[in-house]
Structures are given as structure tokens and as C-alpha cells.
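A.B. asks: Sharing a structure, written as C-alpha cells. Questions coming.
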Amino acid sequence: MTPTTIERPPLTAFDRCDRCGAQAFVRAVLPGGSELLFCRHHARKHEDRLRKVTITFEDEAERSASP
Ligand SMILES: [Zn+2]
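Take the sequence shown: its letter number 50 is residue 57 in this note's numbering, and every next letter is one higher.
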């Protein structure tokens with residue numbers, strides 16, 4: 008079993024950006040299995056770099072959008 012196979016629940020309104028504390032919409036997972044959460048602003052700002060160092064970069068903005 009590796010960290011990459013762990014099923015992770017969708018982000019909720021309680022998940023917060025690691026940088027600024029705003030609601031998180033993007034989950035980035037490092038090879039070691041630890042998670043980083045980002046709001047839209049910080050996800051965009053760091054996206055290029057994050058995609059190189061993370062194994063998962065999930066943008067859940069669309070799924071999390073509420074009416
Ligand atoms: Zn942020």
C-alpha cells in the first residue's frame with residue numbers, strides 16, 4: 008500500500024489554504040504523501056512549480072462550486 012492509493016475525500020468549505028487561510032479549492036499531494044491545500048489565488052500563483060514537485064494536483068473548484 009502506498010500513499011498514492013489512499014482515497015481522499017473531496018475538499019470542503021472547512022479546508023483552508025495553507026498560505027492565506029481562504030477556502031481551499033486545490034489539493035496538491037507530495038510524493039511522501041503529505042498534502043498541500045491552496046485557494047484559487049495561490050494555486051494559480053504556484054501551479055507551474057507545484058506540478059513539477061507533486062504527484063497529484065487536483066483543482067476541485069468546479070466540483071466545489073455551490074449554486
Ligand atoms: Zn491562499
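A virtual CB, placed ideally from N, CA and C, is assigned to each residue, including glycine.
Classify D55 as helix, strand or coil using the three-state DSSP reduction.
C.D. replies: Numbered from 1 along the sequence shown, position 48 holds the residue referred to as residue 55. In the structure shown, D55 sits in a helix (DSSP, three-state: H, G or I).
A.B. asks: Spatial neighbours of H49 within its chain, please: C-beta separation below 6 Å, excluding the five flanking residues on both sides.
C.D. replies: Translated into the one-based positions of the sequence shown, residue 49 becomes position 42. Once the five neighbours on either side are set aside, the close Cβ partners of H49 are C24, R26.
A.B. asks: Pick from H53, V60, L44, A29: whose alpha carbon is nearest that of P16?
C.D. replies: For this step, residue 16 is matched to residue 9 along the sequence shown. Of the candidates H53, V60, L44, A29, the one whose C-alpha sits nearest the C-alpha of P16 is L44.
A.B. asks: My guess is that A35 and L57 are in contact by the Cβ rule of under 8 Å, so how many angstroms apart are they, rounded?
C.D. replies: The residue labelled residue 35 in the question sits at position 28 within the sequence shown. The residue labelled residue 57 in the question sits at position 50 within the sequence shown. Contact flag correct, Cβ pair sits at about 5 Å.
A.B. asks: Alpha carbon to alpha carbon, how far is E65 from S41? Give it in angstroms, no decimals.
C.D. replies: Start at 1 with the first residue of the sequence shown, and residue 41 comes out as number 34. Start at 1 with the first residue of the sequence shown, and residue 65 comes out as number 58. Approximately 14 Å between the Cα atoms of the pair.
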